[in-house]
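Take a look at the structure set out below.
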Amino acid sequence: MFADRVVSGMRPTGPLHLGHYHGAIKNWVRLQSEHPCFFFVADWHALTTHYAEPEVIGRNAMDMVIDWLAAGIDPALSTLFVQSRVLEHAELHTLLSMVTPLGWLERVPTYKDQQEKLADRDLSTYGFLGYPLLQAADVLIYHAAFVPVGEDQVPHIELMREVARRFNHLYGREPGFEDKAKAAAKRMGSKRSKLYFELRTRYQEKGEASSLESARSLVEELQNISKGDRDRLLGYLEGGGRVILPEPAALLTEASKLPGLDGQKMSKSYNNAIGLRESPDVITKKIRTMPTDPARVKRTDPGDPEQCPVWQFHRLYSNDDTRTWVQNGCRSAGIGCLECKQPVIEKVIAELEPMRARAQPYLDDPTLVRNIIADGCDKARAQASETMREVRDAMGLNYA
Ligand code: TRP
Ligand code: SF4
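Quick note on my numbering: the sequence shown kicks off at 632 and runs consecutively.
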């Protein structure tokens, strides 16, 4: 079983930049060597806001996957796929919609926030309201344990936990659940079974999360056990019934420390971004023309790094010596701004150079990317269809 599976998606609405790298993808690259990871192109989610410009999605989806590969996502470690090619996500979305109260969706903060922020788009659609529920289907269908997301997405994870809980409550109850769970525990063998009950008591009486964790891994590691019994043993730990859809947890990604070239959040629409596959010439030009502390009008005017976006780049990229050199040189007007930017230019170029190199074979032969995605879709579909069999069963759809 995959007690620690990670699932995350990204909307293909524009080219990726350094902000995406430092805010999300760098974290994915780390996670893929610690967990089984599923990363996907959330193209249906892109359509919730870009339904009137469908060409945007095709233009960006493949490039986004190339950017992931360039940044170090390794298809041998991670499963990469496209949401719209695993139709089971849509089926689960539909079935979950039967049990999701409208108020839960209307209360998700991003619903109103984004409608106001993207006022030039008509987002009073059914699809946009259902955005977090589709996201719930994306995650629950793989029994994910963790979802790496930024702060803004935490309410979406909360919603999917509530939906999973409601689903399990509605469909995980069965006649004689407790007896069946106890019988399953007996079949674990006496030593394991004793440990299982001890851990369960420690969790239920003292609320020890670590006991719950240990008991879960004990159950996950069991071999020769039916799916139904495993779900019962997991469900019995927490009281309720069978856990058909386990609740995932948010893995909060620290916000990117890297602002845009002008000090605002890095974003393509603010025109302050450095693309992940930008050439050294363009990188150099962009950083050389970056605004600096407005107080430094002339070379001889002292400045304050705190007022300067270049300093934020030094905080991410430079060592202590360089940072001291910046602090002293800026405040005493001992260095010029172009001089100050040079080490940043070098670091950014050095960071992006291997990415350009890794992207090249995929640009030369897009079949490679298509094959990676086709493989990933197959793997994802195999897992998703297994979950759907149980969900259909639980919801009474396996008749005749
Ligand atoms: N809503 C996410 C975002 O805007 C993208 C997304 C779609 C996602 N489905 C997901 C993220 C499932 C994590 C898990 O960033
Ligand atoms: Fe910014 Fe460096 Fe110029 Fe100071 S010297 S204003 S930190 S670019």
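Using N, Cα and C, we set each Cβ at its ideal position, and we do this for glycine too.
Predicted model only: the values in this text are computed from it and were never measured.
So which of the options has the shortest CA-CA distance to residue i?
{"i": "arginine 792", "options": "Ala677, Phe777, Asp751 and Glu805", "result": "Phe777"}
{"i": "histidine 681", "options": "Gly645, Phe712, Asp744 and Leu711", "result": "Gly645"}
{"i": "leucine 678", "options": "Gly650, Ile697, Asp753 and Gly906", "result": "Asp753"}
{"i": "tyrosine 802", "options": "Leu726, Lys813 and Leu849", "result": "Leu726"}
{"i": "proline 933", "options": "Asp952, Asn959, Phe944 and Lys916", "result": "Asn959"}
{"i": "proline 997", "options": "Val687, Ile966, Asp694 and Val672", "result": "Asp694"}
{"i": "asparagine 902", "options": "Pro643, His648 and Met641", "result": "His648"}
{"i": "glycine 654", "options": "Gly891, Ala683, Trp942 and Gly872", "result": "Gly891"}
{"i": "serine 857", "options": "Arg831, Arg873, Gly650 and Leu868", "result": "Arg873"}
{"i": "phenylalanine 669", "options": "Lys743, Asp769, Gly734 and Arg738", "result": "Asp769"}
{"i": "glycine 703", "options": "Ala683, Met986 and Leu882", "result": "Met986"}
{"i": "leucine 865", "options": "Tyr652, Leu830, Arg716 and Ser887", "result": "Leu830"}
{"i": "tyrosine 867", "options": "Leu843, Ala707, Glu722 and Ala881", "result": "Leu843"}
{"i": "arginine 1012", "options": "Arg930, Val717 and Phe944", "result": "Val717"}
{"i": "alanine 881", "options": "Val780, Ala1015 and Ser728", "result": "Val780"}
{"i": "tryptophan 699", "options": "Leu723, Ser755, Pro667 and Trp659", "result": "Trp659"}
Is residue i near the ligand FAD, going by C-beta to nearest heavy atom under 7 Å?
{"i": "arginine 861", "result": "Only the ligand TRP and the ligand SF4 can be found as ligands here, which leaves the ligand FAD out of the picture."}
Looking only at DSSP bridge pairs, what is residue i linked to?
{"i": "alanine 1011", "result": "According to DSSP, which records beta bridges pairwise, alanine 1011 is partnered with nothing at all."}
{"i": "phenylalanine 777", "result": "Val637 and Ala880"}
{"i": "valine 713", "result": "Val672"}
{"i": "glycine 906", "result": "His648"}
Label residue i either buried or exposed according to how many other C-beta atoms from any shown protein chain fall within 10 Å of its C-beta, with 16 as the threshold for buried.
{"i": "glutamate 719", "result": "buried"}
{"i": "valine 713", "result": "buried"}
{"i": "aspartate 924", "result": "buried"}
{"i": "threonine 955", "result": "exposed"}
{"i": "serine 639", "result": "buried"}
{"i": "alanine 990", "result": "buried"}
{"i": "threonine 731", "result": "buried"}
{"i": "serine 664", "result": "exposed"}
{"i": "asparagine 855", "result": "exposed"}
{"i": "threonine 710", "result": "buried"}
{"i": "proline 740", "result": "exposed"}
{"i": "arginine 642", "result": "buried"}
{"i": "asparagine 1002", "result": "exposed"}
{"i": "asparagine 691", "result": "buried"}
{"i": "glycine 689", "result": "exposed"}
{"i": "arginine 919", "result": "exposed"}
{"i": "tyrosine 652", "result": "buried"}
Which value, in whole angstroms, describes the spacing of the CA atoms of residue i and residue j?
{"i": "glutamate 789", "j": "glutamate 782", "result": "12 Å"}
{"i": "arginine 636", "j": "arginine 847", "result": "14 Å"}
{"i": "glutamine 938", "j": "cysteine 968", "result": "13 Å"}
{"i": "isoleucine 914", "j": "leucine 760", "result": "39 Å"}
{"i": "histidine 676", "j": "glutamine 766", "result": "8 Å"}
{"i": "glycine 894", "j": "proline 940", "result": "5 Å"}
{"i": "valine 975", "j": "tyrosine 773", "result": "41 Å"}
{"i": "leucine 889", "j": "isoleucine 697", "result": "22 Å"}
{"i": "proline 806", "j": "methionine 819", "result": "22 Å"}
{"i": "alanine 964", "j": "leucine 983", "result": "31 Å"}
{"i": "lysine 811", "j": "arginine 863", "result": "8 Å"}
{"i": "methionine 632", "j": "glutamate 852", "result": "Reliability of the predicted coordinates at methionine 632 is poor, the pLDDT of 42 falling under 50, and the value obtained from them is presented with this limitation in mind. Rounded to whole angstroms, methionine 632 to glutamate 852 spans 7 Å at the Cα level."}
{"i": "alanine 988", "j": "glutamate 909", "result": "12 Å"}
{"i": "tyrosine 1030", "j": "aspartate 1024", "result": "9 Å"}
{"i": "tyrosine 948", "j": "arginine 962", "result": "20 Å"}
{"i": "arginine 946", "j": "alanine 815", "result": "55 Å"}
{"i": "serine 898", "j": "lysine 916", "result": "18 Å"}
{"i": "histidine 800", "j": "leucine 999", "result": "44 Å"}
{"i": "valine 672", "j": "alanine 1005", "result": "13 Å"}
{"i": "isoleucine 980", "j": "leucine 662", "result": "25 Å"}
{"i": "tyrosine 762", "j": "leucine 994", "result": "32 Å"}
{"i": "leucine 764", "j": "serine 728", "result": "7 Å"}
{"i": "glycine 871", "j": "arginine 804", "result": "7 Å"}
{"i": "valine 785", "j": "lysine 743", "result": "15 Å"}
- Run through the segment 934-1022 for me and flag every whole beta strand (DSSP E) of 3 or more residues, listed as ranges in chain order. none
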